[in-house]
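Per this note's numbering, the sequence shown starts with residue 2, numbered consecutively. Where is the CB? At the ideal position from N, CA and C, for every residue including glycine. Remember, it's a predicted structure, so these values are computed and weren't measured experimentally. Reading through the structure tokens given below for one structure.
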Amino acid sequence: MAFLPSSYNPWVVTTSLLIASFASYVALDLAKHARMQRRTALLAGALEAANAQLHSVNEELKQQAFLDPLTGLPNRALFEDRLMHAAARSERAARDGTGRSIDKLAVLFIDLDGFKPVNDSLGHSAGDQVLKQAADRLCQAARKSDTVARIGGDEFVLLMEDVAGAEDCEVVARRLVEALATPFDIAGRQVEISGSVGVAVYPDHGLADKLVSHADAAMYAAKRAGGNTHKLFASHMDAGAFEQLSLQNELRHAVEGGQLQLHYQPKVCGKTGHIRGVEALLRWRHPERGMVSPAIFIPIAERFGMITGLGDWVIDEACRQMQAWADDGVRMRVAINLSVHQLRGEQVVRRIEEALARHHVQPSQLLCEITESASMEDIRATQRAFDGLARLGVYLSIDDFGTGYSSLSYLRQLPAQQLKIDRSFVGDIEASDDARAIVDAVIHLAHSLGLTVVAEGVETAGQRDILLALGCDELQGYYFAKPMPADALMAWMHGHKPQDAPEFSPSVVLALADELQI
């Protein structure tokens with residue numbers, strides 16, 4: 002039997018146990034509460050982080066929805082939203098009769114001239130750099146209150162609010178054109194483009210919802226004027242823009258629809274009267290419009306990026322026709338025109354080489370012409386293309402000579418065999434001593450460089466006689482024959498020609514065989 006100490010008190014023990022138990026419970030509850038607080042803090046932190054991430058995602062989505070990812074400029078959606086609000090403010094100011102004299106707004110439509118060839122020849126990375134730099138320049142040229150946006154490709158728009166009239170807009174438009182005319186430094190290369198700007202003012206040029214389309218129409222007018230300029234909207238431009246869009250869509254289907262064809266204009270030897278070859282000229286026979294002038298559809302093709310495709314078709318068709326003539330016993334040298342867009346691309350030499358091989362045509366039968374101004378527009382591209390074509394054995398000619406600004410040292414470096422005098426000098430040669438002096442100088446210059454000379458646009462016997470007296474090697478123009486389809490050319494060479502056409506030697510096969518050594 003155990004004995005308890007005399008000091009033992011059961012109530013004290015019980016109380017102590019209860020106190021100890023309660024203290025333990027309190028400690029456990031405090032620990033649980035601390036854990037709950039830590040969990041709550043963690044949840045709050047996670048929720049805050051989630052909210053921050055959600056906000057960041059929302060901001061990113063807003064940027065994707067309203068900002069151009071390449072340039073950081075507002076995109077079409079944001080621009081149209083700002084235009085709508087600006088128009089609403091302007092209309093309210095007009096209704097309120099507040100007496101404000103400055104309550105107009107305007108849209109300037111900017112398109113880069115010559116951007117697509119740069120993008121094609123230097124690559125999309127270089128093209129992106131051009132677009133970024135162009136965006137920066139447009140923002141610097143604009144007023145601080147203006148909105149500059151990129152709405153696609155190489156097209157930009159600028160929204161001007163609080164303008165007194167068209168004069169304010171033209172000041173900004175001139176700054177935009179000047180800003181884009183300065184060469185771009187892309188990876189150490191000087192890239193030259195320009196800009197065409199169209200201006201439409203509200204309410205002078207129509208309702209606010211028509212501002213963009215009217216500015217676009219004015220931009221087309223600036224393009225047709227040669228680019229690197231600006232135009233104010235006029236009512237007739239709207240119909241012209243719609244017509245251009247219609248022709249663009251129809252031109253895209255012209256090749257597969259068999260609507261394109263080449264017409265050929267003879268080149269006559271000045272000494273012998275033999276036909277020395279022909280120039281192939283692109284024609285479009287529209288099923289409803291009839292013959293569409295190249296002066297109309299070529300600028301459209303350049304504007305909408307179709308000129309290279311048309312050029313490829315011309316190359317192949319000219320080679321195919323040379324093969325067809327060869328099968329009939331006629332060896333004909335054919336000249337084709339190369340655009341600056343084709344020269345800037347890296348494929349023109351390969352395309353020509355493939356077409357010559359495909360149709361079994363000797364390279365010396367093909368003559369490629371490029372205008373003097375185009376050859377100087379991108380000297381490196383011209384030199385590269387000419388060198389490649391010369392290696393193939395293709396003949397090369399500088400067209401419209403005398404209208405550009407080429408240096409003689411540069412011309413001497415090009416592997417060309419021919420200069421072609423511009424028709425403007427030929428047309429004045431009978432009446433103008435200056436024109437005659439220029440033609441005489443060009444002929445002597447060309448001969449000193451070992452080049453032959455062709456005069457185009459010969460329309461009278463007087464022009465022919467002067468050119469022959471000056472020593473011109475070949476003559477081409479309506480005096481001899483207009484451009485004609487291939488079958489009509491063969492009939493013409495066999496004597497079936499207009500009664501008023503001059504006599505010439507029909508021994509084209511012998512003449513060309515001697516020259517081409519075939």
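One thing to note: Thr-148 has its Cβ within 8 Å of the Cβ of Phe-80. Each residue's CA atom was taken as its position, placing Leu-476 and Gly-259 some 31 Å apart. Within 10 angstroms of the beta-carbon of Val-172 lie fewer than 16 other beta-carbons, which makes it exposed. Annotated as distal: Val-213 and Ala-107, with beta-carbon spacing of 8 Å or more.
The Cβ neighbour count for Phe-243, taken over all protein chains shown within 10 Å, is under 16; the residue is labelled exposed.
Classified as exposed, Thr-273 has fewer than 16 neighbouring CB atoms from the shown chains inside 10 Å of its CB. Annotation for Gln-262: the continuous beta strand (DSSP E) segment containing it runs 261-270. The Cβ atoms of Ala-447 and Val-440 do not sit closer than 8 Å to each other. Using a Cβ distance threshold of 8 Å, Pro-295 and Val-279 do not count as a contacting pair. Of the other Cβ atoms in all chains shown, 16 or more fall within 10 Å of the Cβ of Gly-196; this residue is therefore buried. C-alpha of His-360 to C-alpha of Asp-434: approximately 47 Å in a straight line. Beta-bridge pairing by DSSP links Lys-105 to Val-164. Leu-71 carries a coil assignment under DSSP once its states are collapsed to helix, strand and coil. His-215 counts as buried, since no fewer than 16 other beta carbons sit within 10 angstroms of its beta carbon. Around Ile-301, the same chain offers Gln-245, Leu-248, Gln-249 and Leu-252 as residues with beta carbons nearer than 7 Å, after the five sequence neighbours per side are excluded.
Comparing alpha-carbon positions, the option among Ala-492, Asp-329 and Met-485 lying closest to Leu-282 turns out to be Met-485. For Asp-474, there is no enclosing alpha helix (DSSP H), as DSSP marks it with neither H nor E. In the three-state DSSP reduction, Asn-229 falls in the coil class, being neither helix nor strand. When rounded, the separation of the alpha-carbon atoms in Ile-316 and Arg-352 is 8 Å. The continuous stretches of beta strand (DSSP E) do not include Arg-381, which lies in the alpha helix (DSSP H) extending over residues 380-393. The continuous alpha helix (DSSP H) containing Phe-426 extends over residues 424-429. DSSP lists Leu-261 and Val-293 as the bridge partner or partners of Trp-285. Between Ala-78 and Leu-393, the alpha-carbon positions lie close to 50 Å from each other. Rounded to whole angstroms, the Cβ separation of Arg-321 and Gln-366 is 12 Å, and the two are not in contact under 8 Å. Each residue's CA atom was taken as its position, placing Thr-72 and His-287 some 41 Å apart.
No Cβ-Cβ contact shorter than 8 Å links Ile-337 with Ala-356.
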